[in-house]
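Enquirer: Starting off with a structure, shown below.
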Amino acid sequence: MDRRSFPDSWKRLDRAVFHLKAFQAEWERICSPDAYEFVTEPDSDWTFGATRAVAKFSRENTLALELGEFFYNLRSALDSTIYQAAVFLKYPDPPIKADTLEFPICSTEDRFKRVSIDKRDFPNELVAWIKSIQPYNIPNTTDLGMRDFMTHLLLIHDCARKDRHRLPHVVAAFPTELDFRYLPTPETITIRGIKRVRVNFLESDEPFLFFEIRGADLTQHCKVKFETALQLEVFIDEIPIPPGGRFDIEIKAMCAAVEYVISWFESRFKV
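Number 337 in our numbering belongs to position 238 of the sequence shown; there are no gaps in the numbering.
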């Protein structure tokens with residue numbers, strides 16, 4: 100693929116992918132059961148006990164930072180296509196009021212009429228194409244692929260409106276599948292009345308399981324071993340994934356949408 104016409108846009112897209120990979124690596128790290136030490140502690144008279152997950156890593160994880168940079172660079176890649184197109188069209192470099200040059204992504208037609216691209220001397224073909232892919236056209240678009248493309252442009256816009264320093268909220272990691280068992284010693288000890296509590300593993304090592312102990316003889320060497328094969332799910336606030344959508348699939352589709360836009364510009368503006 101010829102990337103010479105819009106190198107800055109491609110660099111920003113590559114940078115977004117770099118931060119996405121860093122986000123995925125951090126996600127896998129904090130979601131691994133091996134990232135936690137499970138501590139089971141009876142009370143002093145061995146009538147009740149609790150189990151908690153102690154993180155082996157710093158809870159100052161970089162998930163929010165990497166995700167914020169990912170969306171910021173996706174949006175910047177789109178905006179830089181307009182900037183570079185202005186340079187190709189013999190605008191001054193940098194163009195006048197360059198800070199107002201952005202790739203419009205509008206949910207209403209009135210909003211599109213107010214953006215700078217509709218007020219500058221851009222070619223009619225460029226303005227018409229950008230207007231045709233605006234999200235406000237979704238209800239009247241029958242092409243499912245184009246509807247999906249517009250939806251992901253809007254998703255990029257909604258996610259990137261948050262300044263890169265006002266990060267998306269990676270709010271919680273909860274055990275969603277919790278297979279476990281207690282192995283008390285000696286065998287005369289029984290564990291019952293197990294109660295689960297919803298605890299955010301990203302923020303706290305408070306107990307997430309409570310239980311009753313019966314049959315403990317404190318003159319013996321008593322202990323309770325905990326075994327588990329849990330799975331964690333990370334919850335992210337303020338990321339408007341479409342209903343039924345999967346985060347990983349939507350993320351890839353956003354990258355593909357940006358790549359499509361850059362490729363369209365390159366097909367019209369040659370070095």
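Ideal Cβ positions, reconstructed from N, Cα and C, are used throughout, including at glycine.
Where M100 and P106 are concerned, what is the direct C-alpha to C-alpha distance, given to the nearest angstrom?
Expert: Because M100 sits at a pLDDT of 42, beneath the cut-off of 50, its placement in the model cannot be relied upon, and the following sentence gives the value as read from the coordinates. If I take the Cα positions, the gap works out to 12 angstroms.
Enquirer: Would you mind working out which of E311, F187, D178 and I288 sits nearest H256, comparing C-alpha positions?
Expert: D178
Enquirer: For a test of the three-state rule: what should DSSP assign to F300, helix, strand or coil?
Expert: coil
Enquirer: The beta strand (DSSP E) spanning T150 covers which residue range?
Expert: F147 to A154
Enquirer: Do you know offhand how far A134's Cα is from F156's?
Expert: 7 angstroms
Enquirer: Tell me whether V214 sits in a helix, a strand or coil according to DSSP, three-state version.
Expert: coil
Enquirer: By the DSSP assignment, the beta strand (DSSP E) with R295 in it spans what residues?
Expert: T289 to R295
Enquirer: Rounded to the nearest angstrom, what separates S303 and S143 at their Cα positions?
Expert: 23 angstroms
Enquirer: Which residues in the same chain as F309 place their Cβ atom closer than 6 angstroms to its Cβ, once the five residues preceding and following it in sequence are excluded?
Expert: A149 and K294
Enquirer: For the region 271 to 280 and the region 324 to 331, state whether three or more C-beta atom pairs, one from each stretch, are separated by less than 8 angstroms.
Expert: yes
Enquirer: Bridge partners for Y135 per DSSP, in chain order?
Expert: A154
Enquirer: Work out the CA separation of T318 and A124 for me, nearest whole Å.
Expert: Distance between the alpha carbons of A124 and T318 is about 48 angstroms.
Enquirer: Tell me the rounded alpha-carbon separation between N223 and I229.
Expert: 10 angstroms
Enquirer: Pick from V214, T199 and F325: whose alpha carbon is nearest that of S206?
Expert: V214
Enquirer: Which residues share a DSSP beta bridge with T327?
Expert: F279
Enquirer: Assuming I232 is part of the alpha helix (DSSP H), what are its boundary residues?
Expert: Counting along the chain, I232 falls outside any alpha helix (DSSP H), and DSSP gives it neither H nor E.
Enquirer: Determine, using beta carbons only, whether S108 and A176 come nearer to each other than 8 angstroms.
Expert: yes
Enquirer: On a CA-only basis, which of C354, H251, C130 and F169 is nearest I237? Give me that one, please.
Expert: H251
Enquirer: Give me the Cα-Cα distance between P349 and W126, rounded to the nearest whole angstrom.
Expert: Correcting the residue type first, residue 349 is Glu in the shown sequence and not Pro. In a straight line, the C-alpha of E349 is about 16 angstroms away from that of W126.
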